Each structure stands twice: as C-alpha cells, then as structure tokens.
Amino acid sequence: MVLSTSDIHTFQDDVLRQGTLLYREMPWRTDCNPYYILLSEVMLQQTQVPRVLQKFSEFITAFPTLESLALADFYQVLSCWSGLGYNRRAKFLHQAAIQIHNRGAFPETVKELQQLPGIGPNTAASILVYAFNQSQVFIETNVRTVFIYHFFQHSSEKIPEKDLHTLVEQTMYTVNPRQWYWALMDYGTYIKKTYGNFNAMSTMHTTQSKFEGSVRQKRAAILRFLIQQGAQSAESISYSLEYTLEDIIPLLNVLQTQGMIRCENALYCIA
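Per our numbering, the sequence shown starts with residue 3, numbered consecutively.
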C-alpha cells in the first residue's frame, strides 16, 4: 500500500492529536536518559505498563544508574526483579549493563544494541527512538493496533508484518520520532480498550500459553525459593516445592544453562 502525501499528513495529524489527548505520564518519558529507556523497554517486552510502573520505581531506587546496576551482584538484580515475570530478562539486562559499562559509552546504532543480550531489532530501534529521538522503524502491539485499525480493520485476511512495516516507514513523523511513537503507544492502548484486539488480525498474532502449571511457573518458583532460602540441594528444593525430583532436575539444568543459577558442592544458588 502506497499512501499519498495528503493521506500521510491526515494520518499523522490524527495520531498526534490523539497522542495529545491520551498522553500518559511515565518516568521514562519525563527523563529520557538511555539507562531509563533500556530498563523500561526490557521490562515492557512482556509486561503491561501498570505493573512496569511500580517495578521501575523500585528498580531505579535500588539501581539509580547503569553503573550501579552493572556493579551489582546478579542475586541483587534478580531479587529486585522478582514478581515481574520472565526472569531471564533480568539476566539479559544485567549482562547488557555490564557490557555497556565496560564499553564506556551507550550504543547509538541498531547494530550495536543488537549485540547486547536480549535485545532484538524492535527493542533496539525503540531504544534509539526514545533515548536519542532517532527516526527508526519498529512494530510492537500498540503500533500494530493503530495501523491495522486505520488501514486494515475491514480486511478478511491476516495482515502480513511487511505490509505494516511499509506503512510505519511511510508515515514516520521525522520531526519528532519520540513524540510520534508515544502517540502511537497511547492511541493503540486506547483502541484496544475501546474497540478490541486488532492484533488478532495480524499474521504475527499468537496466543500466550497459560502460566498456571507451566514449566515457566515451576522455574520461577525455584528461583523465588533460592532467593529466599539461599543455596539448597535438589532434594530440598523438590521437597519444599512439592515437585518430584524427576521434575526438578531438568528444570535446574535449564536454569543453569541460562546462567540463572549455579551448582557448587551439590547445592544450587542464584548465579
């Protein structure tokens, strides 16, 4: 789909107007320093804004600067992260902070950011938009919602991501990319609450698996137990969490492989 200049300006005006009306105050918008942006974007990868707002405040109280995060023990980082879910993000974030600190400067290109653990192309682009006001193209759930709602809501077929990417690129408000994406985020949230989930029309749409009873829940329970109790044997973990030893051992192996825990003298602890 190729839009006319008039169509582009009309769409931009509409989105910016909605962005002004629906603007949400957030600490990483008030202060767009790269550390705050990195932290918020990693937290927002799998978690809704209300939960992130609370945890973000706790996190920057514990680790006010990227340097303080880089120099912290992973146990401290994971303890602070606990409750936010998808705990491997805490490991990636800590590793990224260490790499940036050792480098001595924050990355300012998509290629450089993608070399950090847990940072894919969309997260890299979003960090550059919000931290440096760079004109970058990325798509996430709210951006996707706005574009499907405006351009494809009556389509009977699933919308390919490449078609959305083309439109996002065409309509980019290069005068102020940061403001533009803030508007898309807030407008997209409003559309979802008011008109429903247009993301279901995308070829990228997937249904999230249940957390209750999942392997992910069991791994989270192990990490929480080790944070609270310190080093423990597999037998102790199995007994305390009421999982069979046959269930526990593979979970412990995965957590070790991920660098979340380590084993010393048959005792498991946070890495």
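All C-beta atoms in this analysis are idealised placements derived from N, C-alpha and C, irrespective of residue type, glycine included. Just so it is clear, the structure is predicted and the values come from calculations on it, not from any experiment.
Can the beta-carbon of residue i be found closer than 9 Å to that of residue j?
i, j, result
"Trp182", "Arg31", "no"
"Ala126", "Val44", "no"
"Ser204", "Arg146", "yes"
"Tyr38", "Ile62", "yes"
"Gln117", "Gln101", "yes"
"Ile272", "Leu228", "yes"
"Leu40", "Ile129", "yes"
"Cys34", "Glu60", "no"
"Gln20", "Tyr175", "no"
"Phe200", "Tyr151", "yes"
"Leu80", "Leu225", "yes"
"Thr191", "Asn144", "yes"
"Leu166", "Ile141", "yes"
"Phe108", "Leu68", "yes"
Below 8 Å on the Cβ atoms is my contact criterion, and I expect residue i with residue j to pass it. Report the Cβ-Cβ distance as a whole number of Å.
i, j, result
"Val170", "Phe154", "Val170 to Phe154, Cβ: 13 Å. No contact."
"Phe58", "Pro29", "6 Å"
"Tyr131", "Arg180", "Going by the sequence as given, residue 131 is Val instead of Tyr. Indeed, because the Cβ distance is near 6 Å, the residues count as touching under 8 Å."
"Ile263", "Leu257", "5 Å"
"Gln234", "Arg90", "Actually they do not touch by this definition, with Cβ atoms about 20 Å apart."
"Leu5", "Gln172", "6 Å"
"Thr49", "Gly87", "6 Å"
"Ser42", "Val54", "7 Å"
"Asn135", "Asn178", "7 Å"
"Leu186", "Val17", "6 Å"
"Glu163", "Met206", "5 Å"
"Met3", "Thr208", "Met3 to Thr208, Cβ: 24 Å. No contact."
Based on the DSSP output, what are the partners of residue i in its beta bridges?
i, result
"Cys271", "Arg264"
"Gln234", "Tyr270"
Would residue i count as contacting chain D if we go by Cβ distances under 9 Å?
i, result
"Leu186", "You won't find chain D in this structure, because it holds only one protein chain."
Checklist entry - Considering only residues of the region 159 to 206, which uninterrupted alpha helix (DSSP H) runs meet the minimum length of 4 residues and lie entirely inside it, listed in chain order? => result 163 to 172, 179 to 197
Next on the checklist: Whether or not the region 85 to 94 and the region 123 to 137 are in contact is what I'm after, with contact meaning three or more pairs of Cβ atoms, one per stretch, closer than 8 Å; do they touch?
Outcome noted: no
Next on the checklist: Ignoring anything shorter than 4 residues, give me the alpha helix (DSSP H) runs that lie fully in the region 49 to 85, in order along the chain.
Outcome noted: 51 to 64, 68 to 73, 76 to 83
Checklist entry - Is there contact between the region 250 to 263 and the region 212 to 224, where contact requires at least three CB pairs shorter than 8 Å? => result yes
Checklist entry - Can you list, in chain order, the stretches of the alpha helix (DSSP H) that have 4 or more residues and sit fully within the region 120 to 163? => result 123 to 134, 143 to 153
Checklist entry - Taking only runs of the beta strand (DSSP E) that begin and end inside the region 94 to 122, which ones reach a length of at least 3 residues, in chain order? => result The qualifying runs do not exist here; there are none.
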